[in-house]
Amino acid sequence: MIRTPGFLLLLCLCALTQADGLDPMPPGWQQLQPIPRVDVSGAEPLARQALEQTRSEVARLLADPASDPRALARAFGTLGNLYQLYGVDALAESCYANARLLAPDRFRWAYYAAWLALSKGRLEQAVERLQQAARLNPDYAPLALRLGQAWYDLNRPQQARAALERAAREPGLRAAALYYLGQLALQERRYPEAVAHFQEALALDPAADILRYPLARAYRGMGKTASAREQLALRGHRMPLVDDPLLQEMKALERGARPLFARAMREVEKGAYQAGAASFREGLARDPDNRNARVSLARALYLAGETPAARAELERVLAEDPGQTLAGFLLGVLDAAAGKGESAERYLRQVLAQDPAHAGAHYFLANLLMARKDFSAAARHYAAALESGAENPPARLLGFVARYRAGEPEAAIAGTLDREVGRFPQQQLLRYALARLLALSRDPRVQDPPRALVLARKLVDSLPIPPHLELLALALAASGESGQATGLLQQLVAGAAWMGGESEMQRLQGVLERLQAGRLPAQPWPGEDPLLQPPPVDAALVFREYPAAVPY
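Residue numbering for the sequence shown follows the working numbering, starting at 137 and increasing by one per position.
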């Protein structure tokens, strides 16, 4: 799905607005880091209210040089929590730094600063901060787990194991600690120990399906292939739950749906589609009218294998807002993949009526038109799919095929195709199509068997697949090398027979018989050539990768 930064974009990339007493710092507080005011007008009302209220409290305390530093530290720390929750990490860092400066003996601000570093992958800094926090409160149990995580990610197994074994003594941390201890055992090929750790962690937290993959690897290391396959089928991305009171307090500050949507996007991008769908649903419970998020929910549901539920969400969006073109487009793709051509075409035409430049709708509609042999219309839609500037190699190739099938002269097609081969030398299918045309065209203005042979040899050298080998045989025959051509085709016929492809064997046998009779195939681009047809609809690819301007 779309790679879109979360709340930070909502803050208009930290566009500055009028100062509110936090930037610059007022007299008496010059030792503190300024906290620039940012434009939060695009944020959800609850999130905006929480940030504004907390900033106002910080500003009120700063306005009085006699304010209690510990109270000011608490206000800065809370503001840092909010910025961290909403993804504005640079301001969260500054807030925590101020809180630690104002209350250096307060464990919570040291721990939050350490957690921010750990969660952002600043591992050396995280270790340093966690050790500083431990000097303030060595009895806070999650410290051992967080240190173990950092040491593990730094590939320091001895330090990691010592910290994780301490964490594993705490019931609320044991499942997570066992996950990392199991990973350490797996790395050291102590497979039975790894299995024991992962199995116990699953018993403590059965929903933590991230454990399934390393458990499968451990089983494989023990030679238990069937058990490994069983665990692989259950793998996911949900980590074991951690009883971390300070992080739970921070989480309780979260308001509005946007952080939940941002979390859902991160989960989907990791392939955790079930978890992503759950987070989208949680966010939609707070913001049920967010139709962009509902479309993203539908995408996650489809990728999680819940096609009927995905369709229901898309239909709901379209019923509430007929102008939601992404929902209509995805419904069209679903129907095209299911072989429901008429319904798919109806959805795609509705999308184009509202957005005439929708590249995806043009492309999939063109494929449907090719299937019902409306080649002239298909050619127009392939051309429109390319006008947006989006890279779509199949549309570029199939546009030429549609023009050919619509009866356009081969000479006109060959000239344009040759130029496109020069523009896109990495697109092998364009070279394949051009080589067939040069070898088999009946138009003397197009015929160029020597060049066809050069192109065919390069394609075979690059990728010796049967269509390229067949092309080489045809180019050889067109160049007068009939013996080599028939020998190569005989090998392809035998290979097709060995692979059990009866229809393909018969087709190749027909080509061979024509060559043996001294005749080339009548069509440069025959309708049965799989490389010159629209590919099957890959709905999963579309649902996963097609861009959404606003995913939530």
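Heads up, the beta-carbon is just placed ideally off N, CA and C, and yes, glycines get one too.
Treat the numbers as computed from the prediction; the structure is a model and nothing was measured.
- Note on L677: under 16 other CB atoms within 10 angstroms of its CB, so exposed under the neighbour-count rule.
- Secondary structure note for V194: its alpha helix (DSSP H) is the uninterrupted segment P181 to L198.
- In the structure shown, V174 falls within a strand segment according to DSSP collapsed to helix, strand and coil.
- A residue is called buried when at least 16 other Cβ atoms come within 10 angstroms of its Cβ; Q294 does not meet this threshold and is exposed.
- Rounded to the nearest whole angstrom, the CA to CA distance from F465 to D471 is 10 Å.
- Ranked by Cα distance from Q563, the options L589, P585, R578 and K594 are led by K594.
- When the beta-carbon positions are compared, Y288 and A269 stay at least 7 Å from each other.
- For the pair F679 and L488, the CB atoms are not nearer than the 7 Å cut-off.
- In the three-state scheme derived from DSSP, where H, G and I count as helix and E and B as strand, K360 is classed as coil.
- Contact between the region 416-427 and the region 373-389 is absent, with fewer than three C-beta pairs closer than 8 Å.
- Each of L340, R325, R292 and L370 was checked against the Cα of Y315, and the nearest Cα belongs to L340.
- By the 16-neighbour rule on beta-carbons within 10 angstroms, S230 is buried.
- DSSP, read as helix, strand or coil, puts G412 in helix.
- Distances from the CA of Q490 to each of L667, P657 and L462 were compared; the closest alpha carbon is that of L462.
- Non-local C-beta neighbours of L612 in its own chain, meaning closer than 6 Å and more than five positions away in sequence, comprise Q620 and A621, ordered along the chain.
- In this structure, Q169 lies near A233, with their beta-carbon atoms less than 7 Å apart.
- Counted as a single uninterrupted DSSP element, the stretch harbouring G616 is not any alpha helix (DSSP H), since DSSP gives it neither H nor E.
- Taking 3 residues as the minimum length, the region 654-686 contains no beta strand (DSSP E) run wholly inside it.
- The continuous alpha helix (DSSP H) containing P293 extends over residues P293 to A303.
- D597 counts as exposed, since fewer than 16 other C-beta atoms from the protein chains shown sit within 10 angstroms of its C-beta.
- In the DSSP assignment, Y276 falls outside any alpha helix (DSSP H) and carries neither an H nor an E.
- When the Cα atoms are used, A630 and L570 turn out to be separated by approximately 27 Å.
- By the Cβ criterion, the region 258-276 is not in contact with the region 340-357, since fewer than three pairs of Cβ atoms, one from each stretch, lie closer than 8 Å.
- The residue from R541, M358, Q261 and L266 with its alpha-carbon nearest to that of M506 is R541.
- Annotated three-state conformation of A493 is coil, per DSSP.
- Annotation for V582: no alpha helix (DSSP H) segment contains it, and DSSP assigns it neither H nor E.
- Close CB contacts of A531 within its chain, under the 6 Å cut and outside five residues either way in sequence, are with Y499, Y518, A521 and L522 (chain order).
- In the three-state reduction of the DSSP assignment, A473 falls in the helix class, which pools H, G and I.
- With a contact defined as Cβ atoms closer than 8 Å, A588 and L599 miss out at about 17 Å.
- Under the criterion of beta carbons closer than 8 Å, L238 and F212 qualify as touching, at roughly 7 Å.
- Scanning A311, L317 and R305 for the CA closest to the CA of N291 turns up L317.
- Put simply, of G459, R356 and Y222 the residue whose alpha carbon is nearest the alpha carbon of P395 is Y222.
- Look at H373 here: in three-state DSSP terms it is coil, with no helix or strand label.
- N528 sits in coil when the DSSP states are folded into three classes, being neither helix nor strand.
- About 13 Å separates the beta carbon of L208 from that of R191, a gap too long to meet the 8 Å contact definition.
- The beta carbons of A413 and A448 sit no closer together than 7 Å.
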